[in-house]
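S.K.: Can you read through this structure? Questions will come right after.
This is the structure we're talking about:
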């Protein structure tokens, strides 16, 4: 954000900011398809743009409008539960509702300059961790578990399992690093702050309980690299998505095996299902375009006067829809030049809409058709 003095702002402005994140969480496109079906736009194409990941063609209801309504029902229900959890943890009613809007949407705006550090409450942080994790899970899995009556869907889904394992491993590594660097006196405090910040950064929420830019360099870099992974496809989280990471690693391993056994035939499988080659090609294409876009925007920021660390973290936090950065943007983006603000705003749109969607909108062929 570029705003400061949040503690003294009118509640109406604060709530408006939170509301923006909540509506943006599931995507304006899905909202439009569910609430404004009279638009007559090719629903599936737009839905595929705002439901990231290689399995965009999967339908969890016969019609796209029904899918969107189901998602919004789950989204609103989780938001209400999050509000209740915050209120029971000691927040005021206004703060509870406001923070629930930016938690389940993994947006991260707060009504206080200090973010969740303002409350200094393990109970509040526990509620935030739970609902940030839920916000980073594919909403089609939420549908199967909560609406279709298959609660074990969370355990059966490869992406969700991988997502939770990465969160646990990275969180534990950061807690151990904090403890051994003597940043916190005991392991319990290290776990508290390390796990919270890991979940907050990897899900692209951006809540903070400490200024992690002052943590040892290894920890801050590990946190930022986890933001590139992000949450699950079809979630409100940013990043490149866990399923893409799975596909890239599996395809890379198959390529290594192919070098060892050139005549072997090994199809790429996810959860027992063979993936068409065009899917893995699309994932690699997205990854290549992501890296190229990242480098170009970073170089443009450096040309505008940013130092290397600030430019790297600014692009990372913008393309992954994260929030907090390092260097000159560790606190906020208020002092960034107008040119850099426009570049970073464009980077946010690219990250939120999966890059390809925005670039397609900029091509003349799209408008001719």
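Residue numbers (my numbering): 12 to 380.
Glycine included, each C-beta is placed from N, C-alpha and C at the ideal position.
(1) How many angstroms separate the CA atom of residue 257 from the CA atom of residue 19?
(2) Indicate whether residue 115 and residue 154 have their beta-carbon atoms separated by less than 8 Å.
(3) Look at the alpha carbon of residue 277 and the alpha carbon of residue 178, and state the distance between them as a whole number of angstroms.
(4) Excluding five sequence neighbours on each side, which residues of the same chain lie with their C-beta closer than 8 Å to the C-beta of residue 239?
(5) First and last residue of the alpha helix (DSSP H) that includes residue 153?
(6) Using 8 Å as the Cβ pair cut-off and three pairs as the minimum, do the stretch 332-341 and the stretch 208-221 touch?
(7) Can you tell which of 245, 236, 233 has the C-alpha that lies nearest to the C-alpha of residue 37?
(8) What residues in its chain sit with their C-beta under 7 Å from that of residue 362, if we drop five residues either side in the sequence?
(9) For residue 121 and residue 77, what's the separation of their Cα atoms in angstroms?
(10) In whole angstroms, what is the alpha-carbon distance linking residue 369 and residue 170?
(11) Can you tell me whether residue 274 is buried or exposed, with buried defined as 16 or more other CB within 10 angstroms of its CB?
(12) From the DSSP output, in three-state form, read off residue 366 for me.
(13) Any idea what DSSP makes of residue 320, helix, strand or coil?
(14) Drop a sphere of 10 angstroms on the beta-carbon of residue 267, count the other beta-carbons inside from all chains shown, and report buried for 16 or more, exposed for fewer.
(15) Using the Cα positions of residue 209 and residue 289, report the straight-line distance between them to the nearest angstrom.
(16) Extract the residue ranges of the alpha helix (DSSP H) inside the stretch 195-266, only unbroken runs of 4 or more that lie entirely within it.
(17) Who does residue 280 pair with in a DSSP beta bridge?
(18) To the nearest angstrom, how far is it from the Cα of residue 316 to the Cα of residue 138?
(19) Would you mind stating whether residue 312 and residue 322 have Cβ atoms separated by less than 8 Å?
(20) Look at residue 104 and residue 98 and say whether their C-beta atoms are less than 8 Å apart.
(21) Helix or strand or just coil, what does DSSP make of residue 103?
M.R.: In short:
(1) The count along the chain shown starts at 1 and reaches residue 257 at position 246. The count along the chain shown starts at 1 and reaches residue 19 at position 8. Answer to the nearest angstrom: the Cα atoms are 45 Å apart.
(2) In the chain shown, the residue the question calls residue 115 occupies position 104. In the chain shown, the residue the question calls residue 154 occupies position 143. At a Cβ-Cβ threshold of 8 Å, residue 115 and residue 154 do not count as neighbours.
(3) In the chain shown, residue 277 corresponds to position 266, counting from 1. In the chain shown, residue 178 corresponds to position 167, counting from 1. Each residue's Cα considered, the two are about 30 Å apart.
(4) Working through the chain shown from its first residue, we reach residue 239 at position 228. Only 250, 251, 327, 331 meet the Cβ criterion.
(5) In the chain shown, the residue the question calls residue 153 occupies position 142. The continuous alpha helix (DSSP H) containing residue 153 extends over residues 150-153.
(6) Taking a cut-off of 8 Å on C-beta distances, the stretch 332-341 touches the stretch 208-221, as three or more cross pairs fall below it.
(7) The count along the chain shown starts at 1 and reaches residue 37 at position 26. Minimum Cα distance to residue 37 is reached at 245.
(8) Locating residue 362 in the chain shown gives position 351, where the first residue counts as 1. Answer for residue 362: 249, 329, 330, 331, 332, listed in chain order.
(9) Locating residue 121 in the chain shown gives position 110, counting from the first residue. Locating residue 77 in the chain shown gives position 66, counting from the first residue. Taking the straight line joining both Cα atoms gives about 32 Å.
(10) Walking along the chain shown from the start, residue 369 turns up at place 358. Walking along the chain shown from the start, residue 170 turns up at place 159. Rounded to whole angstroms, residue 369 to residue 170 spans 26 Å at the Cα level.
(11) To locate residue 274, count along the chain shown from 1; it is residue 263. By the neighbour-count rule (16 or more Cβ atoms within 10 Å), residue 274 is not buried but exposed.
(12) The count along the chain shown starts at 1 and reaches residue 366 at position 355. In this structure, residue 366 counts as coil in the three-state DSSP scheme.
(13) Here residue 320 refers to the residue found at position 309 when the chain shown is read from its first residue. Residue state, collapsed to three classes: helix.
(14) As a first step, residue 267 must be located in the chain shown, where it is residue number 256. The C-beta of residue 267 has fewer than 16 other C-beta atoms within 10 Å across all chains shown, which makes the residue exposed.
(15) As a first step, residue 209 must be located in the chain shown, where it is residue number 198. As a first step, residue 289 must be located in the chain shown, where it is residue number 278. When rounded, the distance between both Cα atoms is 33 Å.
(16) Counting only runs of 4 or more, we get 198-213, 228-240.
(17) Translated into positions along the chain shown, residue 280 becomes position 269. The partner list for residue 280 (beta bridge, DSSP) reads 285.
(18) Here residue 316 corresponds to residue number 305 of the chain shown, with the count starting at 1. Here residue 138 corresponds to residue number 127 of the chain shown, with the count starting at 1. One C-alpha to the other measures close to 40 Å.
(19) Stepping through the chain shown from its first residue, residue 312 is reached at position 301. Stepping through the chain shown from its first residue, residue 322 is reached at position 311. In this structure, residue 322 lies closer than 8 Å to residue 312 by Cβ.
(20) Taking the first residue of the chain shown as 1, we reach residue 104 at position 93. Taking the first residue of the chain shown as 1, we reach residue 98 at position 87. Result yes, Cβ atoms of residue 104 and residue 98 sit closer than 8 Å.
(21) For this step, residue 103 is matched to residue 92 along the chain shown. Three-state result, residue 103: coil.
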